[in-house]
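Some notes on the structure that comes next.
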Ligand code: SF4
Ligand code: SF4
């Protein structure tokens with residue numbers, strides 16, 4: 001059975017994301033789709049964005065039952081749920097509870113192999129964009145983390161978290177002041193339709 005899949009690519013620089021209409025009726029048919037196997041990890045660029053736009057979500061991340069807190073990142077660990085897992089931000093009824101811009105990178109960029117949009121010749125500009133963005137974001141987070149570590153700041157210490165976030169913002173704003181050239185290689189938004197053969201349950205490739 002073939003299905004028309006609508007994708008919308010959004011170039012929002014560091015907060016870029018991909019919307020997929022098939023997710024609402026995910027062929028995995030377990031009400032969780034790819035979110036059943038992932039625990040989101042928030043890095044300095046995510047925290048800086050949340051500090052500017054949704055501070056309360058940072059508090060919520062630290063208040064989760066069993067996050068993994070490292071020097072400059074926090075993993076919102078999923079819970080065991082049947083044969084798979086349940087993300088702390090997932091709702092069976094409505095999917096992810098976080099608006100796209102507040103999700104971390106994997107959650108904003110990931111599209112399953114069953115759709116495999118990156119194999120399309122006509123979408124290579126977006127393929128290159130998201131690969132470049134991933135590399136850029138890793139390097140940027142490594143640089144910011146190293147600078148915070150040099151200041152002796154770590155998220156592991158609850159007593160110094162406020163100092164960590166106070167120091168993070170100016171470093172982040174300085175770092176993003178000059179934008180990499182690839183940010184201009186794709187439009188702000190592009191919608192595409194792909195036709196894909198559906199398989200169901202675990203036969204649908206993540
Ligand atoms: S597995 Fe694919 S269709 Fe299902 S929720 Fe994930 S990206 Fe969407
Ligand atoms: S944060 Fe949202 S998109 Fe990411 S794994 Fe959890 S429910 Fe899925």
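Residue numbers (the numbering used here): 1 to 206. For glycine and all other residues, C-beta sits at the position ideal for the given N, C-alpha and C. Keep in mind that this is a model prediction, so the values were computed, not measured.
- A residue is called buried once 16 or more other Cβ atoms fall within 10 Å of its Cβ, and residue 35 is buried on that count.
- The alpha carbon of residue 12 has as its nearest neighbour, out of 202, 190, 194, the alpha carbon of 190.
- Going by DSSP, residue 51 is part of the alpha helix (DSSP H) stretching over 44-53.
- Ranked by Cα distance from residue 137, the options 175, 67, 7 are led by 175.
- For residue 168, the shortest separation between its Cβ and any heavy atom of ligand 1 does not lie below 6 Å.
- Our two residues, residue 9 and residue 106, have alpha carbons roughly 14 Å apart in a direct line.
- CA-to-CA, the gap between residue 147 and residue 6 works out to about 41 Å.
- Residue 76 sits buried, since 16 or more C-beta atoms from the chains shown fall within 10 Å of its C-beta.
- Under DSSP, residue 197 shares a beta bridge with 2.
- Distance from the Cα of residue 80 is smallest, within the candidate group 22, 93, 66, 74, for 66.
- Beyond the five residues adjoining it in sequence on each side, residue 87 comes within less than 6 Å, by CB distance, of 35, 78 in the same chain, given in chain order.
- Residue state for residue 80 is assigned as strand, using DSSP reduced to three classes.
- Between residue 91 and residue 98, the C-beta spacing is not below 7 Å.
- For residue 8, DSSP records a beta bridge to 19, 191.
- Each residue's CA atom was taken as its position, placing residue 181 and residue 168 some 24 Å apart.
- Between the C-alpha atoms of residue 130 and residue 160 there is a straight-line separation of about 34 Å.
- The DSSP-derived three-state label of residue 169 is helix.
- Rounded to whole angstroms, residue 3 and residue 126 show a C-alpha spacing of 22 Å.
- For residue 184, the three-state secondary structure derived from DSSP is helix.
- These are the residues, in chain order, with a beta carbon less than 6 Å from any non-hydrogen atom of ligand 2: 35, 38, 40, 87, 89, 90, 96, 98, 103, 107.
- Around residue 40, the same chain offers 76, 104, 107 as residues with beta carbons nearer than 6 Å, after the five sequence neighbours per side are excluded.
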